[in-house]
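Trainee: Per the numbering used here, the sequence shown runs over residues 363 to 610.
Below: one structure in structure tokens.
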Amino acid sequence: MNTKIEQKVALSKWLARAGAASRRESTKIITAGLVAVNGKIIKAPFFRIDESLDVIEYHGKIVRANTTKHYYLINKPIGVVSSTTGEQGSHQAVTDLLPKSDRLYPVGRLDRASEGLLILTNDGDVAYRLTHPKFQVEKTYHVLVSGELNPHKIIRLTAGVMLKGIKTNPATVKILEKQGNATWLEIIISQGRFHQIRRMCSAVFLQVERLVRTKEGELELGDLPVGKWRKLSPSEVDHLKQIMLPEP
Numbered sequence: 363m364n365t366k367i368e369q370k371v372a373l374s375k376w377l378a379r380a381g382a383a384s385r386r387e388s389t390k391i392i393t394a395g396l397v398a399v400n401g402k403i404i405k406a407p408f409f410r411i412d413e414s415l416d417v418i419e420y421h422g423k424i425v426r427a428n429t430t431k432h433y434y435l436i437n438k439p440i441g442v443v444s445s446t447t448g449e450q451g452s453h454q455a456v457t458d459l460l461p462k463s464d465r466l467y468p469v470g471r472l473d474r475a476s477e478g479l480l481i482l483t484n485d486g487d488v489a490y491r492l493t494h495p496k497f498q499v500e501k502t503y504h505v506l507v508s509g510e511l512n513p514h515k516i517i518r519l520t521a522g523v524m525l526k527g528i529k530t531n532p533a534t535v536k537i538l539e540k541q542g543n544a545t546w547l548e549i550i551i552s553q554g555r556f557h558q559i560r561r562m563c564s565a566v567f568l569q570v571e572r573l574v575r576t577k578e579g580e581l582e583l584g585d586l587p588v589g590k591w592r593k594l595s596p597s598e599v600d601h602l603k604q605i606m607l608p609e610p
């Protein structure tokens with residue numbers, strides 16, 4: 363057996379494991395020409411490297427394997443963007459709310475107007491399992507909507523609506539409570555399309571007034587105050603590492 367071949371790993375996967383970026387972001391920065399191997403720009407995410415011999419650079423700085431993994435859950439406030447410090451433009455980045463010593467990356471996105479549970483980690487494998495559609499990790503949202511709400515709209519949201527010619531996967535939708543002229547809904551989806559919840563509601567003529575992610579997989583927001591964070595427990599980390607592909 364050729365042990366040299368066994369030592370080689372895809373560049374995008376290695377960057378994610380090293381904590382340089384999530385698996386998806388690693389692919390983007392490689393194709394953008396921001397990563398070099400042994401001084402040569404590589405734009406192929408699946409270019410195989412020997413992690414024991416090759417020197418990897420990102421933005422001209424050497425990337426070293428990060429063996430210590432960190433896992434945080436934050437209650438993201440409205441107005442804060444789901445990006446890293448330095449990428450947020452004029453808006454505060456969610457990583458500004460966490461310890462500066464840990465190089466962390468948001469897992470998935472909550473838009474600036476949304477709030478609630480967001481995972482940050484430097485574990486690229488875990489980030490990949492949480493965000494890749496094939497793993498179908500459920501995400502639960504509490505959504506305050508205004509507009510006429512009737513059983514037909516609930517049925518449409520549950521069955522899936524057309525967004526740019528593609529139907530969303532079936533969702534779980536239930537009414538939680540009325541709040542004045544608006545209504546709180548609980549919506550559970552296993553996709554992560556761009557602004558999906560807002561666009562689903564808009565498709566049935568409902569206006570989203572608030573959008574709060576309360577659960578992702580088995581991780582729950584609970585009573586964590588807005589803007590505060592906590593480290594995941596060992597059992598929660600174990601759960602993330604055991605996320606498997608759904609049964610066919």
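Using N, Cα and C, we set each Cβ at its ideal position, and we do this for glycine too.
Assess, as a yes-or-no matter, whether the segment 552–565 is touched by the segment 414–425 under the definition of 3 or more beta carbon pairs within less than 8 angstroms.
Mentor: With the cut-off at 8 angstroms, the segment 414–425 and the segment 552–565 do not touch.
Trainee: In this structure, does DSSP put Q604 in helix, strand or coil?
Mentor: In the structure shown, Q604 sits in coil (DSSP, three-state: anything other than H, G, I, E or B).
Trainee: Are the beta-carbon atoms of A378 and G486 separated by less than 8 angstroms?
Mentor: Closer than 8 angstroms, so yes.
Trainee: Taking only the alpha-carbon atoms, compute the straight-line gap between K405 and V442 and give it to the nearest angstrom.
Mentor: One C-alpha to the other measures close to 31 angstroms.
Trainee: Quick one: grab the DSSP three-state call for H514.
Mentor: Here H514 sits in helix by DSSP.
Trainee: With 16 other CB atoms within 10 Å as the buried threshold, where does I436 fall?
Mentor: It counts as buried.
Trainee: For chain C, find out if any of its Cβ atoms is closer than 8 angstroms to the Cβ of N512; answer yes or no.
Mentor: As a matter of chain content, chain C is missing from the structure shown, which is built from one protein chain.
Trainee: Can you give me the Cβ contacts of Q369 inside the same chain, cut-off strictly under 8 angstroms, excluding the 5 residues immediately before and after it?
Mentor: Here the set comprises D412, E413, S414.
Trainee: According to DSSP, is E413 helix, strand or coil?
Mentor: Looking at E413 - three-state DSSP - the assignment turns out to be coil, as it is neither helix nor strand.
Trainee: At 3 residues or longer, what runs of the beta strand (DSSP E) sit wholly inside the segment 461–515?
Mentor: Within the segment 461–515, the complete beta strand (DSSP E) runs of at least 3 residues are 467–469, 477–483, 501–508.
Trainee: Let me know if T457 comes out buried or exposed under the rule of 16 or more other beta-carbons within 10 Å of its beta-carbon.
Mentor: Buried, by the Cβ-count rule.
Trainee: For the candidate residues K593, G579, G542, P596, whose alpha-carbon lies nearest to that of E571?
Mentor: Answer by Cα proximity: G542.
Trainee: Please report the straight-line C-alpha distance between V507 and T493, rounded to a whole angstrom.
Mentor: Near 26 angstroms, if we compare the C-alpha coordinates of T493 and V507.
Trainee: Excluding sequence positions up to five away, which residues of its chain have a Cβ less than 8 angstroms from the Cβ of I367?
Mentor: Below a pLDDT of 50, predicted positions are generally treated as unreliable, and I367, at 48, falls in that range; the measurement from the model is reported next regardless. Cβ neighbours of I367 beyond the five flanking positions: none.
Trainee: S388: buried (16+ other C-beta within 10 angstroms of its C-beta) or exposed?
Mentor: Buried, because 16 or more other Cβ atoms sit within 10 Å of the Cβ of S388.
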